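Residue numbers (full-length UniProt numbering), protein chains in the order written: chain Y, 1 to 279; chain B, 1 to 279.
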């Protein structure tokens, strides 16, 4: 199949590597000449250009730009492609994207490959990035079923774990397990940094080990990523934060009132429930 | 040297293994016959008994019981030992323990080896558990300096990173980097479990990956450990939780008011500061 990719970063580049090795012809578009050259040199695309016209003839196009540029990318793409072309995106929030793009293009299927590394850019693209990881599709009632079927048939050989759900259910679920942890973890680092006694800070830094390392990891990561979650999944992130604060207040209350039995029950419920969130 | 260990669990047993391999004679006391037998069989102690009288002749005794039993253990030990015997404990909070035990025994040095595994008990004891990890001593103004010096000379060959500080500074520092992360992480799991839509919960469980895994790890661990932190370091844990809640409220406010620049600055400060807490 002839597949287009707009945005040749970590996700777009890694998709290109996998799709080409499965025998597809992959055409890439990036804003930057330099990225186009690297994509071809690394084998992530057969051809690459800065002009969306390159994708005129493709059957399926992955929109892999930053979320902020997805809508305008699709608008600019439309004059070049045929009505049969299937569009899909890889944005990590879905409701806002689907609401913006679905009215512009009938054959659009929202998607979210849940894979990544700490690196970004075409240089970080790698074979097999998606294998074993969830890939969520968020069609709506009006999404043509043959568009979904075709996209799934392209994705399945990447050995992803395909999920289908409403865009809103996706955004709520990722708020819980991806976006809320970032805010919770960011608040932890910010709280530690607000300790006024420099000797205590120094000691805390010297004594910090795996517990702090793990709990602070996602809150000390890429600032753009955290910002993007808050911005584009704002309502669900806020909702999860308010529920979180209630739970936090409950734990504060139990400790304050020395309700050790209730506190122990919470810890026991957590210990029992956590494995269900692990693969 | 002739060294006693009361409480032959993970910490006591591991200390015994290391100290014996450094040529010390190690005598152990446990409440349970069975534990005594395993300790000797595993080479964690030269001898072991359920009677504290076994330690009559020792130069240094590690109190490795649960925190709740430390005070009574010392009281029961005192009739058996000479005034020169140095006592030290391995409790993970220090101010309350030091306040309780220092008045009972002049040659007492509070201590906290910051090492562990997910396992517990004599079966989990291992050689080299402490190597490379912090070992905090919390002497007070009245602690005899030769008692501190002797304890340090015994510990140094274990290749621990020795720290000395006030008991209160220890408790405040570990509240930040060990106890607060547990409460923050526990609240995260509890919040996710409060989602009312079973489909969203199922989806969240299916989509959860390394971000959730790491952020929820210490909050989904041993309930007794979390309870112990809250109980014995209550004031400092509460203090850190209240500061944490302020930071959380700040992040909620920034998202609610779409103050993206301020939010990005917080993420940037976190990203810059976190490496200082990493070894």
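The beta carbon of each residue, even a glycine, is placed where N, CA and C say it ideally should be.
Here the structure is a predicted model, which means the values were calculated and not measured.
Locate the beta strand (DSSP E) running through residue i, then write down its first and last residues.
{"i": "residue 163 of chain B", "result": "161-164"}
{"i": "residue 136 of chain Y", "result": "134-137"}
{"i": "residue 112 of chain B", "result": "111-113"}
{"i": "residue 88 of chain Y", "result": "86-89"}
Am I right that residue i and residue j are in contact with their C-beta atoms under 8 Å? What's the rounded C-beta distance?
{"i": "residue 91 of chain Y", "j": "residue 67 of chain Y", "result": "5 Å"}
{"i": "residue 216 of chain B", "j": "residue 189 of chain B", "result": "5 Å"}
{"i": "residue 54 of chain Y", "j": "residue 77 of chain Y", "result": "That belief does not hold up - the Cβ atoms of residue 54 of chain Y and residue 77 of chain Y are roughly 11 Å apart, past 8 Å."}
{"i": "residue 65 of chain B", "j": "residue 98 of chain B", "result": "Between residue 98 of chain B and residue 65 of chain B the Cβ distance is about 16 Å, and since that is not below 8 Å, they are no contact."}
{"i": "residue 221 of chain Y", "j": "residue 271 of chain B", "result": "7 Å"}
{"i": "residue 11 of chain Y", "j": "residue 113 of chain Y", "result": "6 Å"}
{"i": "residue 150 of chain Y", "j": "residue 86 of chain Y", "result": "6 Å"}
{"i": "residue 241 of chain Y", "j": "residue 254 of chain Y", "result": "With 8 Å as the limit, residue 241 of chain Y and residue 254 of chain Y do not qualify as a contact, their Cβ atoms being about 20 Å apart."}
{"i": "residue 95 of chain B", "j": "residue 193 of chain Y", "result": "23 Å between Cβ atoms; not a contact."}
{"i": "residue 244 of chain Y", "j": "residue 187 of chain B", "result": "6 Å"}
{"i": "residue 229 of chain Y", "j": "residue 179 of chain Y", "result": "4 Å"}
Work out the CA separation of residue j and residue i for me, nearest whole Å.
{"i": "residue 146 of chain Y", "j": "residue 111 of chain Y", "result": "15 Å"}
{"i": "residue 246 of chain B", "j": "residue 185 of chain Y", "result": "14 Å"}
{"i": "residue 208 of chain Y", "j": "residue 177 of chain B", "result": "5 Å"}
{"i": "residue 299 of chain B", "j": "residue 2 of chain B", "result": "Residue 299 of chain B lies beyond the stretch modelled for chain B, which goes from 1 to 279, so this question has no answer here."}
{"i": "residue 212 of chain B", "j": "residue 238 of chain Y", "result": "17 Å"}
{"i": "residue 275 of chain B", "j": "residue 205 of chain Y", "result": "9 Å"}
{"i": "residue 162 of chain Y", "j": "residue 132 of chain Y", "result": "10 Å"}
{"i": "residue 218 of chain Y", "j": "residue 227 of chain B", "result": "25 Å"}
{"i": "residue 119 of chain B", "j": "residue 9 of chain B", "result": "10 Å"}
{"i": "residue 117 of chain Y", "j": "residue 74 of chain B", "result": "52 Å"}
{"i": "residue 159 of chain B", "j": "residue 16 of chain Y", "result": "49 Å"}
{"i": "residue 196 of chain B", "j": "residue 201 of chain Y", "result": "40 Å"}
{"i": "residue 7 of chain B", "j": "residue 41 of chain B", "result": "16 Å"}
{"i": "residue 125 of chain B", "j": "residue 28 of chain B", "result": "14 Å"}
{"i": "residue 234 of chain Y", "j": "residue 22 of chain Y", "result": "37 Å"}
{"i": "residue 47 of chain Y", "j": "residue 121 of chain Y", "result": "18 Å"}
{"i": "residue 210 of chain Y", "j": "residue 135 of chain B", "result": "15 Å"}
{"i": "residue 156 of chain B", "j": "residue 19 of chain B", "result": "11 Å"}
{"i": "residue 33 of chain B", "j": "residue 39 of chain B", "result": "10 Å"}
{"i": "residue 69 of chain Y", "j": "residue 129 of chain B", "result": "51 Å"}
{"i": "residue 138 of chain Y", "j": "residue 89 of chain Y", "result": "10 Å"}
{"i": "residue 105 of chain B", "j": "residue 232 of chain B", "result": "21 Å"}
{"i": "residue 52 of chain Y", "j": "residue 109 of chain Y", "result": "20 Å"}
{"i": "residue 165 of chain B", "j": "residue 266 of chain Y", "result": "33 Å"}
{"i": "residue 148 of chain B", "j": "residue 248 of chain Y", "result": "40 Å"}
{"i": "residue 59 of chain B", "j": "residue 181 of chain Y", "result": "49 Å"}
{"i": "residue 224 of chain B", "j": "residue 107 of chain Y", "result": "54 Å"}
{"i": "residue 84 of chain Y", "j": "residue 144 of chain Y", "result": "11 Å"}
{"i": "residue 261 of chain Y", "j": "residue 198 of chain B", "result": "27 Å"}
{"i": "residue 62 of chain B", "j": "residue 4 of chain B", "result": "6 Å"}
{"i": "residue 57 of chain Y", "j": "residue 236 of chain Y", "result": "38 Å"}
{"i": "residue 30 of chain B", "j": "residue 50 of chain B", "result": "5 Å"}
Can you tell me where the alpha helix (DSSP H) with residue i in it begins and where it stops?
{"i": "residue 285 of chain B", "result": "The structure shown does not extend to residue 285 of chain B, since chain B spans only 1 to 279, so no value can be given for it."}
{"i": "residue 261 of chain B", "result": "260-273"}
{"i": "residue 215 of chain B", "result": "210-216"}
{"i": "residue 100 of chain B", "result": "95-101"}
{"i": "residue 152 of chain Y", "result": "145-155"}
Identify every run of the beta strand (DSSP E) within the segment 170-208 of chain Y, keeping only runs that are complete inside it and at least 3 residues long; order them along the chain. If only uninterrupted beta strand (DSSP E) runs of at least 3 residues are considered, none is enclosed by the segment 170-208 of chain Y.
Considering only residues of the segment 1-71 of chain B, which uninterrupted beta strand (DSSP E) runs meet the minimum length of 3 residues and lie entirely inside it, listed in chain order? Qualifying beta strand (DSSP E) stretches, in chain order: 2-6, 25-29, 47-49 and 60-63.
Counting only Cβ-Cβ distances shorter than 7 Å, please list the residues of the segment 103-117 of chain B near chain Y, keeping chain order. Listed in sequence order: 114.
Listed from N- to C-terminal order along the chain, which residues in the segment 224-242 of chain B have their beta-carbon within a distance smaller than 9 Å of any beta-carbon of chain Y? Residues 224, 225, 226, 227, 230, 231, 234, 237, 238, 240, 241 and 242.
With 9 Å as the C-beta to C-beta threshold (strictly closer), list the residues of the segment 205-217 of chain B near chain Y in chain order. Look at the segment 205-217 of chain B: the residues with a C-beta under 9 Å from a C-beta of chain Y are 205, 206, 207, 208, 209, 210, 211, 212, 213, 214, 215, 216 and 217.
Contacting positions in the segment 75-94 of chain B - beta carbon closer than 7 Å to chain Y: Of all residues in the segment 75-94 of chain B, none has a Cβ within less than 7 Å of some Cβ in chain Y.
Interfacial residues, the segment 154-173 of chain Y to chain B, with Cβ spacing under 8 Å: The segment 154-173 of chain Y vs chain B, Cβ under 8 Å: 161, 163, 165, 169, 170, 172 and 173.
Taking any Cβ of chain B, which residues in the segment 255-268 of chain Y have a Cβ under 8 Å from it, in chain order? Within the segment 255-268 of chain Y, contact with chain B at the beta-carbon level (separation under 8 Å) is assigned to 255, 256, 258, 260, 263, 264, 266, 267 and 268.
Residues, ordered as in the chain, of the segment 190-204 of chain B that lie near chain Y by beta-carbon distance below 7 Å: Within the segment 190-204 of chain B, 190, 191, 192, 193, 194, 195, 199, 200, 203 and 204 place their CB atoms closer than 7 Å to a CB of chain Y, listed in sequence order.
Can you list, in chain order, the residues of the segment 126-140 of chain Y whose Cβ is nearer than 8 Å to any Cβ on chain B? Correct list: 133, 134 and 136.
Taking a cut of 9 Å between CB atoms, which residues from the segment 6-27 of chain Y lie near chain B? Within the segment 6-27 of chain Y, not one residue has a Cβ closer than 9 Å to any Cβ of chain B.
In chain order, what residues of the segment 46-76 of chain B put their CB closer than 9 Å to some CB of chain Y? Only those residues of the segment 46-76 of chain B whose C-beta falls short of 9 Å from the nearest C-beta of chain Y would be listed, and there are none.
Give me the subset of the segment 175-186 of chain Y whose CB atoms are less than 8 Å from a CB atom of chain B, sorted by chain position. Legend: CB atoms of the segment 175-186 of chain Y lying less than 8 Å from CB atoms of chain B belong to residues 176, 177, 178, 180, 181, 182, 183, 184, 185 and 186.
Give, in chain order, every residue of the segment 28-47 of chain Y whose Cβ lies closer than 9 Å to some Cβ of chain D. The structure shown contains no chain D; its protein chains are Y and B.
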